[in-house]
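Chains as they are written, first to last, in my numbering: chain A, 1 to 187; chain B, 1001 to 1342; chain C, 2001 to 2508.
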């Protein structure tokens, strides 16, 4: 019996050494968790999560201070991705922060713009082109749809317009909805 | 006429699941006739019982799982599982053995994994192994060949035997060991295989009767190959693997090993090679993977037969290789067009 | 003359169904009252209109210019008046609209002044390419890639082989077959021009062995051009999808185009036979691309055949010209039965990439509810690209987009061989198309998000910098103020003490 105990102990020690060696020698440098969370967030920088942008929210999640369901522009897909990454339960979007809306872009009505630069200062990604007493215009390819430019505008000349699909951005419908449930209908 | 699909292609070939299953059943007919000829009609009773139970169990599970009944009941997969199981278990198996086995195969080994296409393990083999381990006595009570038996059974006595159980006195008179079983025990008793093969239980190559069943199973398998229901990879690989290892050991120690021909034509070899290991759902999917899978089944069958605890190793071999399928598939991916270095 | 042929794995032997549409010669489709021309009939950037509503245009007049490098101009197919430049429904699986120029024809069919070139060898290769571009020529095999780009050897300097694709492997389609039978000379005109532009060593015209009339016609035409020593016909076995560019290259030369590479990386360029004909017309006769041969066939078509059709012709006119029995809004197929897509509206226009209109397919796919995958592996055996369609299916279904890309989803040519052989009748190609558009959409969103993140960080940096400068300036101001204060105090301390005011006042 004594030899059995000795044998097992020795085996455990050797295997432990092997594992420890492997843990050091084959260690893979991963991203810090805040970076990984930030990569998943949509970068709208809208502040609906009550943080000043996506990065502070990511860091707060990494620190475990807040829930993962505070991002309306990211929607359900983002919450699922965060839940997968952090291995926590999925939670539906927190209604207090906002609702999931279709993608929109800001468009300035040039007839009404007075050139006050208040919206330029508000835009978190500098997507508005213009200067004092000059026409302002939103660079559509840079606009994230955060709507932070709407409140500061004194003449209310900014509209949020839904982006339309064109044949180049159209996506094939999901074939998996033709699943075999009773009667062959959608589950 | 509205188009049935949203996306191309709008043409479809003639390959269908039901057609494949029907051809499989057709390929088994010669072998079933051989079994009836050599061992009496009791296998037919077991088969019918198994098919009925399988269909009822399948219907029940589909209804519980909220799936449409018609496409799945008519695809033939439950019938194939039942028939293969009925062939694998002893012909005089009591009715409750067949029922338990079939229920386990359909409910646990198939539907609880997700139904058709989702089970990782071959349902017929799972059921066989369950029965073998749980009811070893009934599962090793094999009938001898009709010509050898003192009391060959006819259909009514077979019926009685299966449903009412045997009379205590008649078991030994009716049952006997299989050739594989006999070979294994007698080698263990230091008998020389060539001498063992002279006994009346044995025929030209394998066991008497058994070799014919295996031959007809091989013929059925060739029919399946011709009809492209299965590809040649798994049967050839399995038989090659089995032959290779048994040839090797036979050359090294001919006094203590049976000949490769014996192994090829005994027990479940041909059934396994052409009908069981080729089950598409549980076997490897890549062509190279199929070769690896087949060789693995062949090798393991021999190892279990000779050095393992059971006289026939096909069922265990298949189940073990089923476990390895995802690994095999991962490492045998074909080289995509353009990936070759010029 | 025997070329050693390679082969590709998998593929299918399909019933051709071509006899129905090859009984009669190519017929000319009568002029339509209205022509609708989408501004994007090619891969790349859409063209920009250079006409306005109300303008009168002549046949062959340029009405839209190329935009960016991967683009070609658009020409009026007949003379008439521009009635609109607006969003119209276009032939596309989405059924969406796009910007189109609408022309009301005046029936005169009056040509613009054409500039045929008798001797193209007097021009430089670059000039020829520009002429081909200006003629609006794109690949007429169905993809619509601007042809002038594929006629530029660029950094490779010479091209080993030019392959002319006369294979037409997809069932029902026969436009290439007919153009080879009837216009072989015109095709060879184009081939000569292309060989010149590419400086090729040899040219191989690949034709499937089921097109014996076409083979004879081309060989006859070749025999009357003895100077074309380096051009020959290569007959390849009929197997779908031998006409797919990468597979054709593998059959004709035995070589494989490297992943993420182009055929020119291995010294090969491939063009469709219809494109060759169009290039011949453009250079030799000065005609821009304004029409193409369209096959109209299928079970519901009474007088199936091939028709020379002006672009912009509404499809319903073609269908009624052929005597088609069809309910309104009944879907039909644009393209072949293996790779085409279904359309329900027939007021859509014929475009540069419309090779076939198919109404009523024999041995069409019946069931619309597939069984689960039984992992039989037939799809992998049939795949000409050696992919694993069942794995791609599992991952697409699970929406595991990373794994799907890892298993080479973007190498899939969407030929449909896998769906054809599937015993469970799973619409595999639909899953792959879905996964591809999901991945591309995801990549676009990630790119946009990355850009937004960078802009945001830059903005924060800029604000921080401005704040720092402000603080620095304030500090400097404070320091300057403090310095002047200190100087004042110092100065005050150095001055002698002034006598009291009363003394001075009394002394006055």
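In this text, a Cβ means the ideal position worked out from N, Cα and C, and glycines have one as well.
Taking C-beta to C-beta, are residue i and residue j nearer than 8 Å?
| i | j | result |
| --- | --- | --- |
| residue 2109 of chain C | residue 2031 of chain C | yes |
| residue 2411 of chain C | residue 1337 of chain B | yes |
| residue 2162 of chain C | residue 2203 of chain C | yes |
| residue 2435 of chain C | residue 2404 of chain C | yes |
| residue 2309 of chain C | residue 2318 of chain C | yes |
| residue 1209 of chain B | residue 1039 of chain B | yes |
| residue 1086 of chain B | residue 1098 of chain B | yes |
| residue 2277 of chain C | residue 2193 of chain C | no |
| residue 2062 of chain C | residue 2073 of chain C | yes |
| residue 2350 of chain C | residue 2313 of chain C | yes |
| residue 2112 of chain C | residue 2120 of chain C | no |
| residue 2290 of chain C | residue 2075 of chain C | yes |
| residue 2294 of chain C | residue 2322 of chain C | no |
| residue 1221 of chain B | residue 1270 of chain B | yes |
| residue 2252 of chain C | residue 2236 of chain C | yes |
| residue 145 of chain A | residue 137 of chain A | no |
| residue 1235 of chain B | residue 1188 of chain B | no |
Does the CB of residue i have a neighbour CB from chain C at under 8 Å?
| i | result |
| --- | --- |
| residue 176 of chain A | yes |
| residue 1010 of chain B | yes |
| residue 1157 of chain B | no |
| residue 1169 of chain B | Since pLDDT at residue 1169 of chain B reaches only 49, below the 50 mark, its modelled position is unreliable, and no value is offered. |
| residue 20 of chain A | no |
| residue 125 of chain A | yes |
| residue 45 of chain A | yes |
| residue 1128 of chain B | no |
| residue 58 of chain A | no |
| residue 1276 of chain B | no |
Does the beta carbon of residue i fall short of 7 Å from some heavy atom of the ligand GTP?
| i | result |
| --- | --- |
| residue 2294 of chain C | Here there are no bound small molecules, and the ligand GTP is not part of this structure. |
Since residue i meets chain B, which of its residues come closer than 8 Å, beta carbon to beta carbon?
| i | result |
| --- | --- |
| residue 2411 of chain C | 1336, 1337, 1338 |
| residue 2155 of chain C | Within 8 Å Cβ-Cβ: nothing; residue 2155 of chain C doesn't reach chain B, min ~17 Å. |
| residue 2337 of chain C | 1008, 1009, 1010, 1011 |
What in chain C is Cβ-close to residue i, meaning under 7 Å?
| i | result |
| --- | --- |
| residue 1016 of chain B | 2423 |
| residue 1115 of chain B | 2372 |
Say whether chain A places a C-beta atom closer than 8 Å to the C-beta of residue i.
| i | result |
| --- | --- |
| residue 2115 of chain C | no |
| residue 2455 of chain C | yes |
| residue 2299 of chain C | no |
| residue 2039 of chain C | no |
| residue 2354 of chain C | no |
| residue 2509 of chain C | In the structure as shown, chain C starts at 2001 and stops at 2508, and residue 2509 of chain C therefore has no counterpart that could be examined. |
| residue 2504 of chain C | Residue confidence is low: residue 2504 of chain C scores 48 on pLDDT, short of 50, so the model does not pin down where it sits. Its coordinate-derived value is still stated next. So no, residue 2504 of chain C is outside the interface. |
Find the residues of chain B that neighbour residue i, judging by a C-beta separation of less than 9 Å, and give them in chain order.
| i | result |
| --- | --- |
| residue 2246 of chain C | 1337, 1338 |
| residue 2167 of chain C | Chain B residues near residue 2167 of chain C: none, gap ~17 Å exceeds 9 Å. |
Starting from residue i, follow the alpha helix (DSSP H) in both directions and report where the run begins and ends.
| i | result |
| --- | --- |
| residue 2307 of chain C | Residue 2307 of chain C -> not in any alpha helix (DSSP H); beta strand (DSSP E) instead, spanning 2305 to 2310. |
| residue 2488 of chain C | 2428 to 2494 |
| residue 1263 of chain B | 1260 to 1264 |
| residue 1218 of chain B | 1210 to 1226 |
| residue 2332 of chain C | Per DSSP, residue 2332 of chain C belongs to no alpha helix (DSSP H); it is in the beta strand (DSSP E), 2332 to 2334. |
Along chain A, in chain order, which residues have C-beta atoms closer than 8 Å to that of residue i?
| i | result |
| --- | --- |
| residue 2092 of chain C | 167, 170 |
Counting only Cβ pairs nearer than 8 Å, list the residues of chain C close to residue i.
| i | result |
| --- | --- |
| residue 1007 of chain B | 2093, 2341, 2427, 2429, 2430, 2433 |
| residue 142 of chain A | 2451, 2452, 2455 |
Please report the residue range of the beta strand (DSSP E) in which residue i lies.
| i | result |
| --- | --- |
| residue 159 of chain A | 158 to 162 |
With 8 Å as the threshold, decide whether the Cβ of residue i is near any Cβ in chain B.
| i | result |
| --- | --- |
| residue 2011 of chain C | no |
| residue 2420 of chain C | yes |
| residue 1942 of chain C | Summary: the structure shown does not reach residue 1942 of chain C, with chain C confined to residues 2001 through 2508, and so no result is reported for it. |
| residue 2380 of chain C | yes |
| residue 2261 of chain C | yes |
Every unbroken beta strand (DSSP E) inside the region 2008 to 2074 of chain C [3 residues or more]: 2034 to 2038, 2062 to 2065
Uninterrupted beta strand (DSSP E) stretches inside the region 2155 to 2188 of chain C (no shorter than 3 residues): 2159 to 2166
3-residue-minimum beta strand (DSSP E) runs that sit fully inside the region 2080 to 2149 of chain C, ordered along the chain: 2080 to 2089, 2097 to 2105
Inside the region 106 to 134 of chain A only - alpha helix (DSSP H) runs reaching at least 4 residues: 118 to 122
Segments assigned beta strand (DSSP E), at least 3 residues, entirely inside the region 2266 to 2299 of chain C: 2268 to 2272, 2291 to 2297
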